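A.B. asks:
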Amino acid sequence: MTAGWAYSTVGSQFEVQLGKMLDAARNEGELKPFIGNRAVQWGRIDANASGQVPMSRLDMQRFRLREGDLLVCEGGEVGRAAIWRDQLPECYFQKALHRLRPRRGYDVRLMQALLEYWASVDGFRDYVTQTSIAHLPREKFVTIPLPLPSTHEQRRIGDVLELVDNLIAALERLIAKKQAIKQGMMQQLLTGRTRLPGFVAEWEVAPFKEIALPSPERLDPQTSGNGTLLIELDDIEPGTGRLLRRETVEEAVSMKSVFRTGDVLFGKLRAYLRKFWLADSSGLCSTEIWVLRTQGHHSPKFIRYLVESDSFIEMASNAHGTHMPRADWSLLSRFEIAIPPPDEQLAIANVLLDADLEIEVLQRRLEKARDIKTGMMQQLLTGRVRLPVDVES
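Start counting the sequence shown at 345; every next residue gets the next number (this note's numbering).
#1: Which runs of the beta strand (DSSP E) fall wholly inside the stretch 529 to 585 and span at least 3 residues, in chain order?
#2: Give the straight-line distance between the Cα atoms of Q656 and A663, rounded to the nearest whole angstrom.
#3: Could you pull out every unbroken beta strand (DSSP E) segment of at least 3 residues lying fully inside the stretch 449 to 505, listed in chain order?
#4: Using three-state DSSP, classify G719 as helix, strand or coil.
#5: Can you round the beta-carbon distance between P491 and W349 to whole angstroms, since I take them to be within the 8 Å contact cut?
#6: Between which two residues does the alpha helix (DSSP H) containing A649 stretch?
#7: Counting only the same chain and skipping the five closest in sequence on each side, list residues whose C-beta sits under 6 Å from that of R604.
#8: Does the distance from the C-beta atom of L540 to that of A691 stay below 7 Å?
#9: Is it buried or exposed, K526, if we count other Cβ atoms within 10 angstroms and call 16 or more buried?
#10: Measure the Cβ-Cβ separation of F379 and S394 and say whether it is below 7 Å.
#11: Should L573 be labelled buried (16 or more other beta-carbon atoms within 10 Å of its own) or exposed?
#12: For a test of the three-state rule: what should DSSP assign to G355, helix, strand or coil?
#13: Taking DSSP as the reference, what is the three-state secondary structure of E374?
#14: Hey, quick one: how far does the beta strand (DSSP E) through L414 stretch, first residue to last?
#15: Return helix, strand or coil for R614, following the three-state DSSP convention.
#16: Please work out which residues of its chain come closer than 7 Å, Cβ to Cβ, to F552, disregarding the five sequence neighbours upstream and downstream, and give them in chain order.
#17: Report the partner residues of L636 according to the DSSP bridge assignment.
#18: Just to confirm, are E561 and V593 a CB contact at a threshold of 7 Å?
#19: When the Cα of I683 is compared with those of E554, T631, V729, which residue comes out closest?
#20: In this structure, how does DSSP classify S737 when only helix, strand and coil are distinguished?
#21: Given a cut-off of 7 Å on the beta-carbon distance, is the pair K364 and D403 in contact?
#22: Between the C-alpha atoms of G585 and T495, what's the straight-line distance to the nearest angstrom?
#23: Between the C-alpha atoms of R589 and A596, what's the straight-line distance to the nearest angstrom?
#24: If you draw a straight line from the alpha carbon of F358 to that of V422, how long is it in whole angstroms?
#25: In terms of residues, what are the limits of the beta strand (DSSP E) holding S653?
#26: With M599 as the anchor, note down where its alpha helix (DSSP H) starts and where it stops.
#27: Tell me whether P493 is buried or exposed, calling it buried when 16 or more other Cβ atoms sit within 10 Å of its Cβ.
#28: Restricting to runs no shorter than 3 residues, where is the beta strand (DSSP E) found entirely within the stretch 676 to 715?
#29: Determine, using beta carbons only, whether L511 and A713 come nearer to each other than 7 Å.
#30: Only counting the same chain, and skipping five residues up and downstream in sequence, which positions put a Cβ closer than 8 Å to that of G449?
#31: Are the CB atoms of E632 and L613 nearer to each other than 7 Å?
#32: Within 7 Å (strictly less), CB to CB, does V472 reach chain C?
#33: Three-state secondary structure (DSSP) at A350?
#34: For R618, count neighbouring Cβ atoms within 10 angstroms of its own Cβ and tell me buried if that reaches 16, exposed if not.
#35: Taking the C-alpha atoms as reference points, what is the distance between E591 and D579?
#36: The beta strand (DSSP E) with L441 in it runs from where to where?
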């Protein structure tokens with residue numbers, strides 16, 4: 345408990361109700377839009393993930409959402425919550441969600457922040473039931489102790505955290521916009537539909553194997569020397585071409601592929617995950633990664649963007665194997681692409697690299713904003729730091 349605040353319970357401060365059970369055999373009435381667990385993300389609701397279910401008149405009275413309702417995931421990622429802001433003119437909710445409505449004016453923004461904080465510190469551990477997936481039953485949810493700052497302090501905390509949430513949401517939207525712009529640039533520049541100024545030479549069409557081939561070189565990691573860089577599939581961030589971490593070979597035991605500076609690494613296992621990296625040093629990597637080495641005078645930077653393109657990923661995803669699908673080199677080697685001259689390859693890659701660097705700067709700002717929010721939640725939601733409250737406000 346936090347010194348300086350009284351405590352209540354979730355059930356004392358909120359009317360907590362589970363949504364409508366989806367049962368095709370029993371549900372009857374008028375088709376109405378509803379949202380479920382999948383639509384509720386942290387701090388936002390995806391109205392595009394709504395469906396339709398027959399609703400009786402009584403159902404409509406019990407399960408209709410209204411502005412300011414707090415929706416909380418009952419199962420899966422327990423506690424994941426977002427505030428309903430009338431994203432649809434009429435909508436209802438299903439049983440996988442708890443709906444919270446304040447009984448005595450508790451600020452739903454503060455409640456949403458508390459749920460996010462509790463989830464981050466394993467605060468639901470004593471309240472969930474665990475079968476195949478975790479669940480937060482209503483009878484346990486309502487008993488969770490709830491800090492009870494004054495109405496004015498609740499509002500101040502809610503205002504401050506909402507400002508940070510708005511900054512995070514704005515950065516996420518801007519990053520999504522920049523990523524969409526970059527994808528459009530790739531579709532135009534990598535196909536020759538749009539040419540950069542000063543380039544007029546004809547492009548040739550050739551199979552992918554004429555510009556890059558997978559290196560067959562392998563090495564026992566225990567003979568490579570301590571400190572040798574080791575890249576596993578999990579070390580590559582999906583879709584960005586960035587490394588999440590850099591490990592070394594000390595603990596590795598199985599045979600590895602050898603890569604060198606300028607090689608393009610591409611994850612052939614579940615190619616749809618889009619794991620690729622332009623090597624900036626030498627090292628070893630999992631044999632589930634192709635080490636694509638350029639042929640002739642082709643640009644490694646250009647090849648790195650080729651393997652990111654939708655057409656390449658689509659071809660690589662025509663895999664063999666069901667449980668562990670792997671890209672088929674016999675298909676990819678014959679994959680025909682339009683190839684510009686080497687100088688234009690490099691120019692195209694540099695334009696796309698500039699777009700990536702701009703996105704990376706925004707990503708760092710987003711990570712910093714999230715870190716700031718985490719620190720603020722640790723201080724404000726535990727009462728360690730108290731905000732000045734203007735009672736007259």
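Note that CB positions come from ideal geometry on N, CA and C, so glycine has one too.
Bear in mind that the values here come from a model prediction, so they are computed numbers and not experimental data.
C.D. replies: In terms of the structure at hand:
#1: Taken in chain order, the unbroken stretches of beta strand (DSSP E) that lie wholly in the stretch 529 to 585 and span 3 residues or more are 548 to 551, 556 to 558, 573 to 575.
#2: Against the sequence shown, residue 656 aligns to sequence position 312. Against the sequence shown, residue 663 aligns to sequence position 319. Reading off the sequence, residue 656 comes out as Phe, not Gln. When rounded, the separation of the alpha-carbon atoms in F656 and A663 is 12 Å.
#3: Runs of the beta strand (DSSP E) inside the stretch 449 to 505: 489 to 492.
#4: The sequence position of residue 719 within the sequence shown is 375, counting from 1. Three-state DSSP puts G719 in a helix.
#5: Walking along the sequence shown from the start, residue 491 turns up at place 147. Walking along the sequence shown from the start, residue 349 turns up at place 5. Their Cβ separation, rounded to whole angstroms, is 5 Å, which keeps P491 and W349 in contact under 8 Å.
#6: Numbered from 1 along the sequence shown, position 305 holds the residue referred to as residue 649. One point to set straight first is that residue 649 is Tyr, not Ala, in the sequence displayed. In the DSSP assignment, Y649 falls within the alpha helix (DSSP H) that extends over 644 to 650.
#7: Counted from its first residue, the sequence shown places residue 604 at position 260. S626, listed in sequence order.
#8: By 1-based counting over the sequence shown, the position of residue 540 is 196. By 1-based counting over the sequence shown, the position of residue 691 is 347. Yes, the Cβ-Cβ distance between L540 and A691 is below 7 Å.
#9: Taking the sequence shown and counting its residues from 1, the one referred to as residue 526 is at position 182. Using a 10 angstroms sphere on the CB of K526, the tally of other CB atoms reaches 16 or more, which defines it as buried.
#10: In the sequence shown, residue 379 corresponds to position 35, counting from 1. In the sequence shown, residue 394 corresponds to position 50, counting from 1. With the sequence shown as reference, residue 379 is identified as Ile, and Phe is not the correct amino acid for it. Contact check for I379 against S394 passes: the beta carbons are separated by less than 7 Å.
#11: Position 229 of the sequence shown, counting from 1, holds the residue named residue 573. Here L573 is buried: its Cβ has 16 or more other Cβ atoms, across all protein chains shown, within 10 Å.
#12: If you number the sequence shown from 1, residue 355 lands on position 11. Of the three classes helix, strand and coil, the one that applies to G355 here is helix, per DSSP.
#13: Here residue 374 is taken as the residue at index 30 of the sequence shown, counted from 1. Strand.
#14: Locating residue 414 in the sequence shown gives position 70, counting from the first residue. Bounds of the beta strand (DSSP E) holding L414 are 414 to 417.
#15: Position 270 of the sequence shown, counted from the first residue, corresponds to residue 614. In the structure shown, R614 sits in coil (DSSP, three-state: anything other than H, G, I, E or B).
#16: Counted from its first residue, the sequence shown places residue 552 at position 208. Contacts found: L676, S677, F679, I681.
#17: Residue 636 sits at position 292 when you count from the first residue of the sequence shown. BP columns for L636 point to P558, V608.
#18: As a position in the sequence shown, residue 561 is number 217, starting the count at 1. As a position in the sequence shown, residue 593 is number 249, starting the count at 1. Not in contact: E561 and V593 (Cβ atoms no closer than 7 Å).
#19: Taking the sequence shown and counting its residues from 1, one reaches residue 683 at position 339. Ranking the options by Cα distance to I683, first place goes to E554.
#20: For the purposes of this step, residue 737 is identified with residue 393 of the sequence shown, where counting begins at 1. With a pLDDT of 40 at S737, under the threshold of 50, the modelled position of that residue is not reliable, and the figure given next carries that caveat. If DSSP states are grouped into helix, strand and coil, S737 belongs with coil.
#21: Residue mapping note: residue 364 aligns to position 20 of the sequence shown, counting from 1. Residue mapping note: residue 403 aligns to position 59 of the sequence shown, counting from 1. Yes. Within cutoff.
#22: As a first step, residue 585 must be located in the sequence shown, where it is residue number 241. As a first step, residue 495 must be located in the sequence shown, where it is residue number 151. For G585 and T495, the gap between their C-alpha atoms comes out near 47 Å.
#23: In the sequence shown, the residue the question calls residue 589 occupies position 245. In the sequence shown, the residue the question calls residue 596 occupies position 252. Cα to Cα, the separation comes out at about 16 Å.
#24: Here residue 358 is taken as the residue at index 14 of the sequence shown, counted from 1. Here residue 422 is taken as the residue at index 78 of the sequence shown, counted from 1. Each residue's Cα considered, the two are about 18 Å apart.
#25: Locating residue 653 in the sequence shown gives position 309, where the first residue counts as 1. First-last for S653: undefined, no H or E at that position.
#26: Locating residue 599 in the sequence shown gives position 255, counting from the first residue. Here M599 belongs to no alpha helix (DSSP H), and DSSP marks it neither H nor E.
#27: Mapped onto the sequence shown, residue 493 falls at position 149. It counts as buried.
#28: Runs of the beta strand (DSSP E) inside the stretch 676 to 715: 680 to 683.
#29: For the purposes of this step, residue 511 is taken as residue 167 along the sequence shown, with counting starting at 1. For the purposes of this step, residue 713 is taken as residue 369 along the sequence shown, with counting starting at 1. Yes; because the gap between Cβ atoms is below 7 Å, this pair is in contact.
#30: Reading the sequence shown from its first residue, position 105 is the one you call residue 449. T495, listed in sequence order.
#31: Working through the sequence shown from its first residue, we reach residue 632 at position 288. Working through the sequence shown from its first residue, we reach residue 613 at position 269. L613 is positioned such that its CB atom lies closer than 7 Å to that of E632.
#32: The structure shown has no chain C; it contains just one protein chain.
#33: On the sequence shown, position 6 is the one that residue 350 refers to. A350 falls in the strand class under three-state DSSP.
#34: Against the sequence shown, residue 618 aligns to sequence position 274. Classification for R618: buried.
#35: On the sequence shown, residue 591 is found 247 positions in, with the first residue counted as 1. On the sequence shown, residue 579 is found 235 positions in, with the first residue counted as 1. C-alpha separation (whole angstroms): 8 Å.
#36: On the sequence shown, position 97 is the one that residue 441 refers to. 441 to 446 is the span of the beta strand (DSSP E), which, as asked, contains L441.
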